[in-house]
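**Q**
Number of protein chains: 2
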Amino acid sequence: MCQLLGMNCNTPTDIGFSFTGFRQRGGLTDHHEDGFGIAFFEKSESGNIGLRQFHDNKPSYLSPVADLINHYPIKAMNVIAHIRRATTGEKSNLSNLHPFVREVWGEQWVFAHNGQMTASFISRTERLHANGNAEHYTPVGTTDSELAFCYLLNRLKATFKSRPSDEALFAFLTAQCRYLSANGLFNCLISNGNWQFAYAGSLLFYLTRKAPFGEANLSDGEMSVNFGDLTTAKDKVTVIVTIPLTNNEKWQQIAVDECVVFRDGDVVFKNTPSKKTYLSIEDGIALARSVGASV
Amino acid sequence: MCQLLGMNCNTPTDIGFSFTGFRQRGGLTDHHEDGFGIAFFEKSESGNIGLRQFHDNKPSYLSPVADLINHYPIKAMNVIAHIRRATTGEKSNLSNLHPFVREVWGEQWVFAHNGQMTASFISRTERLHANGNAEHYTPVGTTDSELAFCYLLNRLKATFKSRPSDEALFAFLTAQCRYLSANGLFNCLISNGNWQFAYAGSLLFYLTRKAPFGEANLSDGEMSVNFGDLTTAKDKVTVIVTIPLTNNEKWQQIAVDECVVFRDGDVVFKNTPSKKTYLSIEDGIALARSVGASV
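So the protein lines, in turn, are chains C and S. FYI, UniProt numbering numbers position 212 of the first sequence as 212, with every residue one higher than the one before it. FYI, UniProt numbering numbers position 173 of the second sequence as 173, with every residue one higher than the one before it.
#1: To which residues of the same chain is I80/C closer than 6 Å at the C-beta, ignoring the five residues directly before and after it?
#2: Mind reading off the beta-carbon distance from L203/C to I281/C? Whole number of angstroms is fine, and I expect it under 8 Å.
#3: If distances are taken between C-alpha atoms only, which option among K270/S, T246/S, W251/S and N248/S comes closest to D257/S?
#4: Measuring alpha carbon to alpha carbon, tell me which residue in R127/C, F121/C, N70/C and K58/C is nearest N96/C.
#5: Mind checking if S202/S is an interface residue toward chain C, Cβ cutoff 8 Å exclusive?
#6: Quick one: which chain C residues come within Cβ less than 8 Å of W105/S?
#7: Given A288/C, which residues of its chain have a CB within under 6 Å of its CB, disregarding the five upstream and five downstream residues?
#8: Using a Cβ-Cβ distance under 8 Å, would G50/S count as near chain C?
#9: Taking all protein chains shown into account, decide if G193/S is buried (16 or more other Cβ within 10 angstroms of its Cβ) or exposed.
#10: Assign P139/S to buried or exposed, taking buried as 16 or more other Cβ atoms, counted over all protein chains shown, within 10 Å of its Cβ.
#11: If you follow the alpha helix (DSSP H) that F213/C is part of, which residue opens it and which one closes it?
#12: What residues are listed by DSSP as bridge partners for V241/C?
#13: Under 9 Å Cβ-Cβ, which residues of chain S neighbour P64/C?
#14: Check for me: the alpha helix (DSSP H) holding L128/C runs from which residue to which?
#15: Locate the beta strand (DSSP E) running through I285/C, then write down its first and last residues.
#16: If G26/S and H55/S are in contact, beta carbons under 8 Å, what's the gap, nearest whole angstrom?
#17: Secondary structure at H136/C, three-state DSSP: helix, strand or coil?
#18: Once the 5 residues before and after K91/C are set aside, which same chain residues still bring their CB inside 8 Å of it?
#19: Can you tell me where the beta strand (DSSP E) holding I254/C begins and where it ends?
#20: So Q3/C and T238/C are supposed to be a Cβ contact under 8 Å. How far apart are they, rounded?
#21: Closer than 8 Å between beta carbons: that is the criterion. Which residues of the segment 143-173 of chain C meet it against chain S?
#22: Terminal residues of the continuous beta strand (DSSP E) containing E103/S?
#23: Pull up the distance between the alpha-carbon of P12/C and that of S18/C, whole angstroms please.
#24: From the DSSP output, which residues share a beta bridge with L185/S?
#25: Buried or exposed: where does N131/C fall if 16 or more other Cβ atoms within 10 Å of its Cβ makes it buried?
#26: If you measure between the beta carbons of R85/S and H129/S, is that distance less than 8 Å?
#27: Would a check of beta-carbon distances place F98/S closer than 8 Å to chain C?
#28: In the DSSP assignment, find the alpha helix (DSSP H) that holds E146/S and state where it starts and stops.
#29: Compute the Euclidean distance between the alpha carbons of Y199/S and V268/S, then round it to the nearest angstrom.
#30: How far does the alpha helix (DSSP H) with residue 356/S in it extend, from its first residue to its last?
#31: Can you tell which of S145/C, L169/C and Q108/C has its C-alpha closest to the C-alpha of V260/C?
#32: With a 10 Å radius around its C-beta and 16 neighbouring C-beta atoms as the bar for buried, classify S181/S as buried or exposed.
#33: What is the DSSP secondary structure of Y61/S, reduced to helix, strand or coil?
#34: Applying the criterion that 16 or more other CB atoms from any shown protein chain within 10 Å of the CB defines a buried residue, is T232/C buried or exposed?
Put into structure tokens, the structure is as follows:
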């Protein structure tokens, strides 16, 4: 269900321009009008990374909370945002709004999902919980998405007694996402504030803006920005999104079943299936509709 | 460190009036200017309880996030807010802002603390974590408060394999809070959205507004409200705070080492020490200062 937006940078960056376009899809240029959420990882003066979140069950294009985010620029190292079109789980329930957050080994992990898990995955995983076999994490709301997130984190803690190396972690997350993707339609963004992990089950694109910076025009509104005016030559900002936000830049599509991890705006890990498949946006939307999700 | 504000009601209620006074203490009428946080438990159409949180490291009296909360009234069943004066943990680190949240058995638990844990509690509990003996919850930030919260939740999960009865739970929390209070200065508010648990180690007051409703005048600003104009005869709203917010209502002080739990605005559990002690506000402030905390 829904659409994803992520950002990962090497310098604290305001996501305002991308968010301005993205929030229009929550009721104005598209139908994802059942609320939104956004999580910002910000750096303190001494370099510690802290998280804050905003959620609203109003459509994002007219939400006063979304207005605040545009008017009170927050400079963040990592951002995950999500606009919701409810397919599974009650609409007005705040517990059903992504991104979902859990603490893992003293880190805040943020997760947002686009897709739809199968009925069989849902009933199987709910049974695990009912039988007390999902020791650490339990969903609060009623979405298939939070269930998938809890499944993944319970597997993580069952597999590793303490935080493994990033390499082992990314390989583990890749394997788990492929398992989840085999049990539903599954696109996701995950961040611990340091890295951002993107997995495409159908549609996901990214773009890295760096010097020389140019102008960008939003697809969802009359807005252009010349990033050359707002950046320094060292800045590197990667934006990840379900459907490209601008109409004059070259977005890189993530292949079906591909994982890409970003840190400081760069790709630091990639796992691509031997046979690369890219869905057209039309096919991605049709696939989502066919399983009762939405893009 | 800091001050606490809680609300527990039998009908969705806007905390605006109390928050208007409380936020002035974050830099204007008092010195708690190192950021604030507020968590709202709201009811969905079908009665499910969902949580949303707002944090800002700006002083609450001038924070745009606090402005939003005043201008975009959120009607909630339970609220916990906290204004911070940093004594332990970096000031600008968002991870050090209360309230802290963890998922427990599929519920969001919100916690805010006023006080200061002893150096010996901190080093002992940090050692537990370093040795891998704190299985479920680990602090993200660097405050003694989040450490105490994680300690309490790890004890909870070690003691109960699944959610016990409310009676057993409140008795457990009372015992744990007394233990924490013996290891520092410890006042806290805890809510799972359904009940709100208040423990006083030094200063904590509450007030239940119900019919016949009267007028209330803020202590921290020129503002009065006649609750008769805003409520129905069935409404019951309890406000809990470190130092009373109004100057013309009768606030009930919670005794030192007393636990009170509220549900639907009513007291549903109370555990009072055999010898009741009440600190004056002056003595409470002096006690906080003497241990390096602030009220």
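Cβ coordinates follow ideal geometry from the N, Cα and C atoms, glycine included.
**A** By the coordinates alone:
#1: Excluding sequence positions up to five before and after I80/C, its CB lies within less than 6 Å of the CB of G6, A39, P99, V110, A112, L189 and S191, all in the same chain and listed in chain order.
#2: For L203/C against I281/C, the beta-carbon gap comes to about 6 Å, under 8 Å, which counts as contact.
#3: K270/S
#4: K58/C
#5: no
#6: T138
#7: Here the set comprises S294 and V295.
#8: yes
#9: buried
#10: buried
#11: It is not in any alpha helix (DSSP H) - F213/C carries neither H nor E in the DSSP assignment.
#12: L5/C and F205/C
#13: L68, H71 and Y72
#14: A119 to A130
#15: Note, I285/C: premise wrong, no beta strand (DSSP E); alpha helix (DSSP H) at I281 to S290.
#16: Actually they do not touch by this definition, with Cβ atoms about 12 Å apart.
#17: Three-state DSSP puts H136/C in coil, outside helix and strand.
#18: D34, G35 and N57
#19: I254/C -> no beta strand (DSSP E), and no H or E assigned at all.
#20: Not confirmed; about 17 Å, so no contact.
#21: K161 and S162
#22: F100 to V104
#23: 15 Å
#24: Beta-bridge pairing links L185/S to Q116/S.
#25: exposed
#26: no
#27: Sequence check: residue 98/S is His here, not Phe. No, because no Cβ of chain C sits closer than 8 Å to the Cβ of H98/S.
#28: Where E146/S is concerned, the enclosing alpha helix (DSSP H) stretches over D144 to T159.
#29: Taking the CA atoms as reference points, Y199/S sits about 14 Å from V268/S.
#30: The shown model of chain S, from 1 to 295, leaves out residue 356/S, and the question about it has no answer.
#31: L169/C
#32: buried
#33: coil
#34: exposed
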